[in-house]
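Before any comments, here is the structure.
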Amino acid sequence: MQDIANLKELAEKAKEVRRLIIQMIAEANSGHPGGSLSMTDIITTLYFSIMNHRPANPAWEKRDRFVLSKGHACPAFYAVLALCGYFPVSELMNLRKLGSMLQGHPDRKVTPGVDFSTGSLGQGISAACGMALAGKIDKKNYRVYAIIGDGESQEGQVWEAAMSAAHYKLDNLCAFLDFNKLQIDGEVEKIMNIEPVVDKWKAFGWNTLRIDGHSIEQIIEAVGIAHKTKGKPTMIVADTIKGKGVSFMEGRVGFHGVAPTREQEQQALSELR
Amino acid sequence: MAEMVATRDAYGKALIKFGKMYPEMVVLDADTSSSTRTQWFYNEFPERFFNFGISEANMIGYAAGLSTCGKIPVVSTFACFGSGRVFEQVKISVCWPRLNVKIVVTHAGVSVGEDGASHQAVDDINLMRVLPNMTVIVPADGIETEKAIQYALENYGPFYIRLGRLKLPLVFDDNYEFVLGRMSTLRQGKDATIIACGLMINESIKASQILSDRGIEVRILNASSIKPIDKEAIILAAKETGVIITAEEHSIIGGLGSAVSEVLSTNLPCPVEMVGIADTFGQSGNPEELLKLFKIDADAIVEAVVRGMGRKGY
Chain A
1 MQDIANLKEL
11 AEKAKEVRRL
21 IIQMIAEANS
31 GHPGGSLSMT
41 DIITTLYFSI
51 MNHRPANPAW
61 EKRDRFVLSK
71 GHACPAFYAV
81 LALCGYFPVS
91 ELMNLRKLGS
101 MLQGHPDRKV
111 TPGVDFSTGS
121 LGQGISAACG
131 MALAGKIDKK
141 NYRVYAIIGD
151 GESQEGQVWE
161 AAMSAAHYKL
171 DNLCAFLDFN
181 KLQIDGEVEK
191 IMNIEPVVDK
201 WKAFGWNTLR
211 IDGHSIEQII
221 EAVGIAHKTK
231 GKPTMIVADT
241 IKGKGVSFME
251 GRVGFHGVAP
261 TREQEQQALS
271 ELR
Chain B
274 MAEMVATRDA
284 YGKALIKFGK
294 MYPEMVVLDA
304 DTSSSTRTQW
314 FYNEFPERFF
324 NFGISEANMI
334 GYAAGLSTCG
344 KIPVVSTFAC
354 FGSGRVFEQV
364 KISVCWPRLN
374 VKIVVTHAGV
384 SVGEDGASHQ
394 AVDDINLMRV
404 LPNMTVIVPA
414 DGIETEKAIQ
424 YALENYGPFY
434 IRLGRLKLPL
444 VFDDNYEFVL
454 GRMSTLRQGK
464 DATIIACGLM
474 INESIKASQI
484 LSDRGIEVRI
494 LNASSIKPID
504 KEAIILAAKE
514 TGVIITAEEH
524 SIIGGLGSAV
534 SEVLSTNLPC
544 PVEMVGIADT
554 FGQSGNPEEL
564 LKLFKIDADA
574 IVEAVVRGMG
584 RKGY
């Protein structure tokens with residue numbers, strides 16, 4: 001995979017990903033735009049600037065692994081995979097359709113480039129830890145990346161995984177918390193507060209950083225710190241805006257799992273030019 | 274008198290044997306390793322053993338992740354924690370992606386004894402059987418345990434292997450060949466067929482001797498392979514003996530009896546008597562007392578055979 005080093009180019013790529021997210025969810029008339037848009041800069045930067053992977057050979061043993069633990073945000077994941085060349089971009093318009101390789105939540109059996117099946121929150125992060133542990137056992141150099149959600153952080157399994165990754169010193173694991181502050185029923189803070197979340201990850205033994213999840217520069221810098229950190233996994237708490245990039249979706253819980261109308265799609269695309 | 278071996282002890286030995294043959298095998302446990310015997314593997318291969326403490330859900334996730342990287346994770350805990358406790362993790366992280374994870378649980382059923390209801394898995398066959406891609410095996414003795422573990426290691430995909438705590442007489446010898454989806458005939462008979470699994474095989478053999486003394490000759494089929502199940506053997510038994518008695522250390526809801534009934538009702542309806550635990554939780558007691566209390570011992574099987582034979586031909 002040819003890395004994009006230029007920050008402006010990466011930002012353009014992220015914008016392209018956002019356009020595709022809007023288009024595919026509108027076409028499917030179902031899906032989760034809010035949490036896809038909030039993590040777009042993170043996943044775009046990972047796949048186009050950080051991760052070592054070969055789209056022509058998704059099973060390449062030495063590849064870095066990625067687990068989208070907040071599986072409902074897969075439109076962003078699928079758009080990035082398509083733009084990387086794992087499958088044609090035109091395939092994105094089959095999202096959530098009968099027989100599609102792009103299921104409503106990631107299914108590793110049918111989608112090239114998907115390392116783990118997710119959708120039931122809290123489970124993906126444990127699997128990512130397992131991949132990192134396998135790398136440690138075999139003394140392999142690949143790294144494992146994962147993105148979890150803030151609502152997902154209410155799941156007990158996340159903290160079981162947190163405890164164990166520190167215990168096994170999985171410094172080849174770097175996870176992001178897409179902290180967009182909203183979940184289906186409302187504000188995370190009001191539904192079930194997860195703060196102080198940085199302190200929690202620190203207390204569980206992780207190297208913990210807090211960044212602006214829409215700053216590509218900060219994302220790259222934080223991953224660089226994770227890479228250099230020995231003996232500890234890294235959690236990058238990324239402050240993000242749900243629906244980022246589309247004015248009428250930003251900070252709006254109503255767009256957690258609701259597709260834009262065709263009219264809204266056009267408006268969103270015009271904003272994302 | 275046959276040699277007495279606990280299936281969990283056979284499992285512990287098998288882990289060491291196959292650990293040498295399969296370098297990709299890793300063993301995971303959740304603070305039950307001294308009881309499940311995975312500690313024996315740890316003693317031989319400490320670098321390939323991982324104790325997760327008391328966090329079963331996370332352990333299943335690790336197993337799934339490890340398997341995507343070519344490892345063969347063998348995951349152990351007590352049956353109650355390795356099934357219901359982690360049902361959703363097994364469903365979504367293991368069975369849906371059809372990963373190469375082997376879940377081997379011990380202390381199944383009420384024969385775990387004194388620990389009582391919280392530790393007595395009597396619903397796990399039901400839970401694991403309903404999951405697509407899952408293979409469910411309940412070995413009858415120590416020899417079949419080793420063969421089943423070997424089979425699971427040699428064949429890709431999720432397995433749930435259910436073992437017990439108690440020592441049981443060996444039913445098979447070393448020449449026994451485990452074939453997935455095939456029931457072995459332990460005794461021939463024309464009057465009725467007992468289809469059993471796990472420690473109920475031993476109770477069935479005892480029951481067959483009591484029945485034989487009364488002039489009733491039963492066939493005994495070992496249904497160690499609960500899923501896939503041997504449809505042909507079940508249909509043949511129904512044709513040839515006219516009545517089926519199922520026996521399992523499990524709820525009568527959703528277990529072996531249900532699996533057998535599903536085959537019969539859609540192929541060759543025939544009277545079925547189910548020996549199993551009624552719709553109830555377990556309780557403390559010694560294993561023998563509990564098998565008697567829950568009517569899952571040789572006497573209960575004898576009664577069920579007589580009752581079933583009375584229904585023949587209706």
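Quick mapping for you: the protein sequence lines, in order, are chains A and B. Following our numbering, the numbering of the first sequence begins with 1 at its first residue and continues without gaps. Following our numbering, the numbering of the second sequence begins with 274 at its first residue and continues without gaps. Built from N, CA and C at the ideal position, the CB exists for glycine as well. All figures in this text were calculated on a predicted structure; none of them were measured in a lab.
May I ask you to list the residues that DSSP assigns as paired with residue i?
i	result
A:Asp-239	A:Phe-179 and A:Asp-212
A:Glu-221	Answer is none; A:Glu-221 lacks a bridge partner.
B:Thr-519	B:Ile-468 and B:Met-547
B:Leu-301	B:Phe-323 and B:Val-348
A:Val-67	A:Ala-146
B:Thr-408	B:Phe-432
B:Pro-442	B:Met-277
B:Lys-375	B:Val-347 and B:Phe-432
A:Thr-229	The partner list for A:Thr-229 (beta bridge, DSSP) is empty, contrary to what the question assumes.
A:Asn-207	A:Thr-234
B:Ser-524	B:Ile-550
B:Ala-381	B:Ala-394
Determine the burial state of residue i: buried for a count of at least 16 other Cβ atoms within 10 Å of its Cβ, exposed for fewer.
i	result
B:Leu-584	Note on residue identity: the sequence assigns Arg, not Leu, to residue 584 of chain B. Counting Cβ neighbours within 10 Å, B:Arg-584 comes out exposed, since fewer than 16 surround it.
A:Arg-18	buried
B:Asn-540	exposed
B:Tyr-315	buried
A:Ile-56	A small correction: the amino acid at residue 56 of chain A is Ala; Ile does not occupy that position in the sequence shown. Looking at its Cβ environment, which holds fewer than 16 other Cβ atoms inside 10 Å, A:Ala-56 is exposed.
B:Ser-481	buried
A:Ala-203	exposed
B:Trp-369	buried
B:Pro-319	exposed
B:Pro-412	buried
B:Ser-538	exposed
B:Ile-507	buried
B:Tyr-429	exposed
B:Ala-390	exposed
Got a sec: is the Cβ-Cβ distance from residue i to anything in chain A below 7 Å?
i	result
B:Pro-370	yes
B:Cys-470	no
B:Lys-440	no
B:Gly-430	no
B:Ile-365	yes
B:Lys-344	yes
B:Ala-303	no
B:Ser-481	no
B:Glu-361	yes
B:Leu-288	no
B:Gly-338	yes
B:Ser-328	yes
B:Tyr-335	yes
B:Asn-559	no
B:Asn-331	yes
Can you check whether the C-beta of residue i is within less than 7 Å of a C-beta belonging to chain B?
i	result
A:Cys-174	no
A:Lys-230	no
A:Lys-109	yes
A:Gln-103	no
A:Gly-130	yes
A:Ser-153	no
A:Ser-247	no
A:Glu-263	no
A:Ser-120	yes
A:Gln-123	yes
A:Ala-161	yes
A:Ala-259	no
A:Ser-69	no
A:Gln-157	yes
A:Ser-117	yes
A:Ser-126	yes
A:Ala-56	no
A:Ala-134	yes
Starting from residue i and walking both ways along the beta strand (DSSP E), at which residues does that stretch end?
i	result
B:Tyr-335	B:Tyr-335 -> not in any beta strand (DSSP E); alpha helix (DSSP H) instead, spanning 329-341.
B:Phe-432	432-435
B:Met-277	277-279
List the endpoints of the continuous alpha helix (DSSP H) containing residue i.
i	result
B:Asn-399	397-402
A:Glu-263	262-271
Exercise. What are the complete alpha helix (DSSP H) segments, minimum 4 residues, inside the segment 452-516 of chain B?
Worked result: 473-486 and 504-514
For this session: Could you tell me which uninterrupted beta strand (DSSP E) segments, each at least 3 residues in length, are contained entirely in the segment 117-189 of chain A, listed from first to last along the chain?
Result: 144-149 and 173-179
Exercise. Taking only runs of the alpha helix (DSSP H) that begin and end inside the segment 549-579 of chain B, which ones reach a length of at least 4 residues, in chain order?
Worked result: Listed in chain order, the complete alpha helix (DSSP H) runs (minimum 4 residues) inside the segment 549-579 of chain B are 560-566.
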